[in-house]
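These notes are about the structure you will find just below.
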Amino acid sequence: MPENKSPNAGRSISFLAPHVSKLNAWAIGVDLGSESLRGAWVHSSGQLHDPIKWETRVEDGKEKVLGRMLQLVEELMKNPPEGVDPEKDCLGAGFGVPGILHLKKGIVVQSPHFPDWKRFAVHEKLRKKLNIPVFVDNDANVAAIGEKIFGACKSYDHFISVVLGRGISGAIFVNGDIYQGSLGMAGEVGHITVDPQGLPEATGNRGSVELYASGYGLQRMIKELTDANPDIQADSPEDLFELYKRGNKYEHFDKIEKIFNEMGDALGVMLANVVNTLDPQAICFAGSLTGAWKAFSRKMIQITMERSFVARHNKLRILCTSLSKNSNFLEAGVVGSASMVFIDQLRRSQEELKASSKTSSSPKLKVVSS
6 MPENKSPNAG RSISFLAPHV SKLNAWAIGV DLGSESLRGA WVHSSGQLHD
56 PIKWETRVED GKEKVLGRML QLVEELMKNP PEGVDPEKDC LGAGFGVPGI
106 LHLKKGIVVQ SPHFPDWKRF AVHEKLRKKL NIPVFVDNDA NVAAIGEKIF
156 GACKSYDHFI SVVLGRGISG AIFVNGDIYQ GSLGMAGEVG HITVDPQGLP
206 EATGNRGSVE LYASGYGLQR MIKELTDANP DIQADSPEDL FELYKRGNKY
256 EHFDKIEKIF NEMGDALGVM LANVVNTLDP QAICFAGSLT GAWKAFSRKM
306 IQITMERSFV ARHNKLRILC TSLSKNSNFL EAGVVGSASM VFIDQLRRSQ
356 EELKASSKTS SSPKLKVVSS
């Protein structure tokens with residue numbers, strides 16, 4: 006089985022990032038979330054062409070979700086940018102998927118929000134169906150690559166990417182490259198414990214930050230809030246933020262603010278642990294819940310600074326993605342997924358150039374006649 010190519014094989018991403026725009030090329034980026042599936046043609050300048058957003062429908066099972074991923078690519082191939090021949094001009098397709106991946110094998114080991122994706126060979130299945138090069142990585146890793154090449158982290162070689170969606174995932178950038186760990190599973194910050202006696206989660210852990218600061222964690226708190234206060238009309242984190250924006254004039258503002266403060270508190274504890282351990286230059290947040298950034302970020306930053314002496318001394322930057330222009334289409338994952346293709350193209354070009362240089366400089370055998 007062909008290995009899934011790691012974005013870390015060869016020259017560092019930081020070294021290659023400034024050269025991506027010079028490719029003047031197109032690739033397809035696909036970002037799979039538990040609620041939505043997003044994809045687009047992505048130019049090496051970072052430009053998106055006619056992005057698509059569909060429902061994921063996790064409940065339909067892994068094979069049907071995989072089928073929707075393939076259908077989305079087919080739809081994009083049918084509608085390329087003007088002047089682009091999809092058969093000749095598409096360098097490949099990159100996919101960001103949630104969960105713990107065995108990166109070399111391209112297997113999803115476990116994904117809490119995709120319960121039947123256990124040891125699911127997603128790379129191999131996609132590769133067999135598509136006639137273009139295929140790359141697969143964790144959704145937070147690809148978001149980090151997108152931020153490094155095109156977004157808020159261009160000037161940082163040491164940073165953490167955190168994706169806030171239905172769950173929480175993370176990626177670690179060290180010395181200009183994604184740190185993968187021994188099996189490609191590093192960066193799962195969503196499962197850091199912030200309350201040792203807290204609620205249980207599907208992985209066997211208790212009190213993880215996901216239970217208090219993710220989409221499904223907020224959904225639980227919203228249900229508790231509306232059960233106790235039937236006059237509060239909120240069914241989703243988006244609804245909750247809309248109520249928060251009403252400010253003190255809203256009679257239940259203190260209750261809404263308390264939920265977002267609890268979210269910020271949990272994230273702050275998690276970040277303090279990560280920052281004290283890894284000493285990054287920056288933390289960059291992406292994902293659907295960044296739409297409520299103003300509601301939780303102040304508390305989160307306060308707790309991080311209170312609990313992390315490293316953050317206070319290294320002038321840590323805590324940033325929100327610069328790639329998502331609106332909350333309806335989250336660009337970081339799509340751009341980052343396509344960026345895996347661009348990075349691979351640059352590395353292959355460098356390898357070919359190196360091989361050519363070695364061949365041309367090899368000493369020629371001199372034949373001496375007797």
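Each residue of the sequence shown is one higher than the one before, starting from 6 at the first, in the numbering used here.
For every residue, glycine included, the Cβ atom is placed at its ideal position computed from N, Cα and C.
- Nearest to Val63 by C-alpha distance, out of Leu53, His24, Met74 and Ser342, is Met74.
- Here DSSP, grouped into helix, strand and coil, assigns Ile227 to helix.
- Trp31 sits in a strand when the DSSP states are folded into three classes.
- Residue pairing by DSSP leaves Asp284 without any beta bridge partner.
- The distance from the Cβ of Ser166 to that of Ala148 is about 5 Å, consistent with a contact at the 8 Å cut-off.
- For Val70, the uninterrupted alpha helix (DSSP H) run begins and ends at Lys67 to Lys83, by DSSP.
- Contact annotation: Leu37 and Val139 have beta-carbon atoms that are not nearer than 9 Å.
- Taking all protein chains shown into account, Ser344 has 16 or more neighbouring C-beta atoms within 10 Å of its C-beta and is therefore buried.
- Leu96 sits away from Val340, with the two beta carbons spaced by 9 Å or more.
- Secondary structure of Thr309 (DSSP, three-state): helix.
- For Ala191 and Pro235, the gap between their C-alpha atoms comes out near 42 Å.
- Distance check between Trp59 and each of Leu294, Gly44 and Asp259 places Gly44 closest, using alpha-carbon atoms only.
- Within the same chain, Cys325 come within 7 Å of Trp298 by CB-CB distance, once the 5 residues on both sides are set aside.
- Counting the other CB atoms within 10 Å of its CB gives Ala233 a total below 16, which places it among the exposed residues.
- When beta bridges are read from the DSSP output, Asp36 appears opposite Arg43 and Gly101.
- If the five residues before and after Met226 are omitted, its C-beta is found closer than 6 Å to the C-beta atoms of Ile264, all from its own chain and listed in chain order.
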